[in-house]
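The numbers in the sequence shown follow numbering that gives the first Met the number 0, run straight up by one, and end at 232. One structure is given here, and the rest of the page talks about it.
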Amino acid sequence: MKLEIFAADEWAPAVGARLVRFVSLRNGLRVCLATGSTPEPVYAEFTASGGSLEGTEVFLLDEFLLPVGDLGRCDEMLDRALLQRLPTPPDALYTFDVTAASLQEECERFEDVIADGGLDLAVVGLGGNGHIGMNEPGSRSDSRTRVVELDPSTQQNAARYGATARPTWGITLGMGTLLAAEEIWLLVSGRHKAEILERAVSGPIGPEVPASYLRQHGNTIVYADEPAAALLS
């Protein structure tokens, strides 16, 4: 696991610039993107710097089981934070159909699409309880895309994002699916994430802190600002 730390006011510009460079160097990239408050300033810097996802396939990391169009949904957040600001859309956008007759089959469909070419990059955030995506504490390192019961803290986040109802379930790429990506970026900002980042980086590897599994990946980069990295030695 590689760790890069930036001053709080330099973090988003630095990570945004790296994302611009990453996607500009290779055509036909397949990228998984997280949503929420952590990546939003990075996406803002990406678009402000002229970043483009033309020639890129984008996969949504996870989704709340909320009605289509609800402002708290992850696809809505990605649209507001990134997609609406792009001059041209990505070549393909893969999101979850939570209205599917069989959510199990929807999860299998997503796994099949990812398996047909893999993921070049997964951009993820760190939950306050150590989750990655909606892989809550207790998740296995070999888990795949599935429907999950959400931790109360994750349910509360949906309300903060504008959800009209409190979701108790979601769909997420599994840890095993993410660990198969060629490269993983873990974005962490804010002093409130310092304790859980320290546990993810230095504590035991296991289901209590699913983010700790990223240490088993051969090409993970942690992009943290100084407040989030305050407890790291």
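Backbone N, C-alpha and C fix where the C-beta goes; we use that ideal spot for every residue, glycine too. Here the structure is a predicted model, which is why all the values come from computation and not from measurement.
Closest option to L2, judged by alpha-carbon separation, among R84, L185, G189: L185. At least 8 Å separates the beta-carbon of G132 from that of R29. According to the DSSP assignment, D78 belongs to the alpha helix (DSSP H) that extends over 73-80. In the three-state reduction of the DSSP assignment, F63 falls in the strand class.
Taking C-alpha positions only, G189 is separated from T37 by approximately 9 Å.
Take S142, set aside five residues on each side of it, and the residues of its chain with a beta-carbon closer than 6 Å to its own are G173, M174, G175, in chain order. Where D224 is concerned, the enclosing beta strand (DSSP E) starts and stops at 219-224. A buried status is given to L52, since no fewer than 16 other beta-carbon atoms sit within 10 Å of its beta-carbon. In this structure, V187 is the residue among E105, E110, V187 with its C-alpha nearest to the C-alpha of A7. Distance from the Cα of V122 is smallest, within the candidate group K192, T55, L177, for L177. A residue is called buried once 16 or more other Cβ atoms fall within 10 Å of its Cβ, and T87, having fewer, is exposed. A Cβ-Cβ distance of about 27 Å is found for the pair P89 and P209, leaving them out of contact under the 8 Å criterion. Measuring C-alpha to C-alpha distances from A43 to each of V22, T153, E62, L18 identifies L18 as the nearest. Y93 and A157 have their C-alpha atoms spaced approximately 21 Å apart. Per DSSP, reduced to three states, the secondary structure at A227 is coil, with no helix or strand assignment. Residue pairing by DSSP places G124 opposite L186 in a beta bridge.
For E3, the enclosing beta strand (DSSP E) begins and ends at 1-5.
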